[in-house]
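The next block holds one structure in the form of structure tokens; read it before the comments.
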Amino acid sequence: METNEMRHAIVKLLQSNARMSAREIADRLSMQEAEVTSLVTAMERDGTILGYCAMVNTDAMDDDETRAIIEVEVQPERDGGFDRVARTIGRFREVQAVYLVSGRYDLRLEITGQSLREIAFFVASKLAPIDGVKSTATHFLLKKYKEAGFMLDKEEEYARLKVSP
Amino acid sequence: MRDLKFPRDRVAAHISALPRSGIRDFFDIVCTMDDVISLGIGEPDFVTPWRIREATIYALDKGHTNYTSNLGMLALRQACCRYVADHFGPSFNPETECIITVGVSEALDLVLRALLNPGDEVIYHEPCYVSYMPSIKMAHAVPVAVATTAEQGFRIQPEQIEAAVTPKTKVLLLNYPNNPTGGNLSWDDKVAIAAIAMKHDLVVVSDEIYVELTYAAPSPSIATVPGMEDRTVFLHGFSKAYAMTGYRIGYACGPRDVIEAMMKIHQYSMLCACGFAQEAALEAFTGAFSEMEIMREEYRQRRNVITKRLNEMGLTCRLPEGAFYVFPSIEKTGLSAYDFAMRLLAEKRVAVVPGTAFGPCGEGHARCSYATSLEEIETAMSRIDEFLKEL
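If you're matching them up, the sequences are chains A and B in order. Here our numbering is used: the first residue of the first sequence is 14, the next is one more, and so on. Here our numbering is used: the first residue of the second sequence is 311, the next is one more, and so on.
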């Protein structure tokens, strides 16, 4: 495998399971463990790998975290288009994700807060007044069915025959 | 008490004479045990991709619960022939040279019964899938097994075929990528084998059920060797690559006269393969190729891990080239294949299939399937390691 191929293969495995050990990655890809470790470290340093986080079914926990998807219409600027507004929005801790999207609106945000009220307050006091933001539409998340490739309701496993030809 | 010997032996002599499958015996024991990690499973651990299952439901929803043409839905035959031509080389006419069957198992039974007269000989290689010898005998023909070895990568050697040919030889049965060994043939192997088939006027039946699960670039089918198009029957199906074992959909592509003969048997015995399962198979062609590639990549990685672990323990094996089995040598334990499998099961609750289930030359080997999660594979490997240390 070329280095670039290795990097892709490693990232793919870490995206499926961020806790996969360097040894398992090495064995799966027929590489040396040290080689995997050094490539992962290099990718952490150069910003290819930004971090590792757990996929959590928040419904299974007792906290009342509230999430919302917010559509934002933005007046693009002659220099930089949507970049300045997007970066300004992205700096707020509450904002988990900022995407420029095609279609009816321009920026799609994912926001988390302690309550409905907190998010509503954030939109009114921080987001809407930003220079260039023309309008916002807030959609509170009511129930999650699938996230990051994981179905939240586990399907019942169907047992195969224990030995077959 | 009734005496079963009286008034006569009711079971046909050639069926009475068939041995029970070695896998069957083993299965009966495993089923009585808990906490078994099974590396004995010859089917994918993935559930059928949802888009295929969804197409099945849609077919039922529309009420497509009828017979189809004996040969199978034309749309599916067209898709099969296009797929075979695009991926494996040979080109067949969907109207006359393709039949949809109830799994490759039925296709194999049909082709043998269609081709063989009593006493005709069939050359095949062992270790091999458990049904080959019985299927040949059920067609009243004579099985002629050729032993392949680990040193040769379990590839049947042209000289072996040449030595086994007699005036009665009619069929050469090949299965590459191979269950249980993971061996595969190169293009040069195929050319050399084809030359012998042509020289002795043999029909080659090529069971290529695992062909998608090839981990290096696969070579084209032996049917594409010039001169072989009219003497090769290509068998394939959806079970392994698309995780559709329970759908029971396979197909055979071959010369018109052979397919016509197979169709006669199929028509009178099976009528047709399940209609909505055929519609599901069609969906596999339409949109599940990328899902198959994801499964193949996972098998590839598990293969790398299991092969490394087994070799580290001294259960030597080559890196399998295809399918999802590894066939390590257990000779260093000094145990027979059967004892190894039985003791490993009893003492460490790991099920592997003794190599002898796939022919006598499988002695000294065990088949381990990696169609199971890597987590289970790792646990099984640790248990095997303990077992070896305690021997």
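From the three backbone atoms N, C-alpha and C, an ideal C-beta is built for every residue, glycine too. Since we're looking at a predicted model, the values are computed, not measured.
Within 8 angstroms, strictly: CB atoms of residue i and residue j
i: B:Lys500; j: B:Val475; result: no
i: B:Ser348; j: B:Ala661; result: yes
i: B:Glu436; j: B:Phe668; result: yes
i: B:Ala455; j: B:Asp430; result: no
i: A:Arg121; j: A:Glu84; result: yes
i: B:Gly492; j: B:Val394; result: no
i: B:Ala457; j: B:Cys627; result: no
i: B:Gly632; j: B:Asn494; result: yes
i: B:Gly560; j: B:Val663; result: no
i: B:Val514; j: B:Ala507; result: yes
i: A:Ile124; j: A:Ala161; result: no
i: A:Met33; j: A:Leu26; result: yes
i: B:Tyr557; j: B:Phe544; result: no
i: B:Ala591; j: B:Leu386; result: yes
i: B:Ile410; j: B:Glu593; result: no
i: B:Tyr525; j: B:Leu483; result: no
i: B:Tyr377; j: B:Cys582; result: yes
i: B:Ala365; j: B:Glu589; result: yes
Beta carbon proximity, residue i to chain A, threshold 8 angstroms
i: B:Ser683; result: no
i: B:Glu570; result: no
i: B:Ala661; result: yes
i: B:Ile333; result: yes
i: B:Lys557; result: Per the sequence presented here, residue 557 of chain B reads as Tyr, with Lys not at that position. B:Tyr557 does not count as touching chain A.
i: B:Lys259; result: Because chain B here runs from 311 to 701, residue 259 of chain B falls outside it and cannot be looked at.
i: B:Tyr439; result: yes
i: B:Gln611; result: yes
Within-8 angstroms CB hit, residue i to chain E
i: B:Val615; result: Among the chains of the structure shown, chain E does not appear; the protein chains present are A and B.
Buried/exposed call for residue i, threshold 16 Cβ in 10 Å
i: B:Val357; result: exposed
i: A:Phe134; result: exposed
i: A:Val146; result: buried
i: B:Phe586; result: buried
i: A:Phe163; result: exposed
i: B:Asp584; result: Just to set this straight, residue 584 of chain B is Cys in the shown sequence, not Asp. That one is buried.
i: B:Pro490; result: buried
i: B:Gly644; result: exposed
i: B:Gln462; result: exposed
i: B:Lys574; result: exposed
i: B:Gln611; result: buried
i: B:Arg619; result: buried
i: B:Asp498; result: exposed
i: B:Ile694; result: buried
i: B:Lys550; result: buried
i: A:His152; result: exposed
i: B:His576; result: buried
i: A:Met14; result: exposed
i: B:Tyr578; result: exposed
i: B:Lys658; result: buried
i: B:Asp355; result: buried
i: A:Val111; result: buried
i: B:Val421; result: buried
Contact list for residue i against chain B, beta-carbon separation under 7 angstroms
i: A:Leu27; result: Here the premise fails: no neighbours, minimum Cβ distance about 13 angstroms.
Chain B within 8 angstroms of residue i, Cβ atoms only
i: A:Lys175; result: yes
i: A:Pro89; result: no
Neighbouring residues, chain A, relative to residue i (Cβ below 8 angstroms)
i: B:Tyr635; result: Residues of chain A passing the Cβ test: none, with the nearest at roughly 11 angstroms.
i: B:Cys582; result: Chain A residues near B:Cys582: none, gap ~25 angstroms exceeds 8 angstroms.
i: B:Val340; result: Lys175 and Val176
Amino acids of chain A, ordered along the chain, whose beta-carbon sits closer than 7 angstroms to that of residue i
i: B:Phe336; result: Val176
Just by C-beta distance, which residues in the stretch 347-361 of chain B are closer than 8 angstroms to chain A?
-> Residues passing the 8 angstroms Cβ filter: Ser348, Gly350, Ile351, Gly352, Glu353, Asp355 and Val357.
Using a Cβ-Cβ cut-off of less than 8 angstroms, give me the residues of the stretch 36-53 of chain A that come near chain B, in sequence order.
-> So the close ones are Glu37, Asp40, Arg41, Leu42 and Ser43.
Chain B contacts made by the stretch 135-150 of chain A, where a contact means CB separation under 9 angstroms | Closer than 9 angstroms at the C-beta level to chain B, one finds no residue of the stretch 135-150 of chain A.
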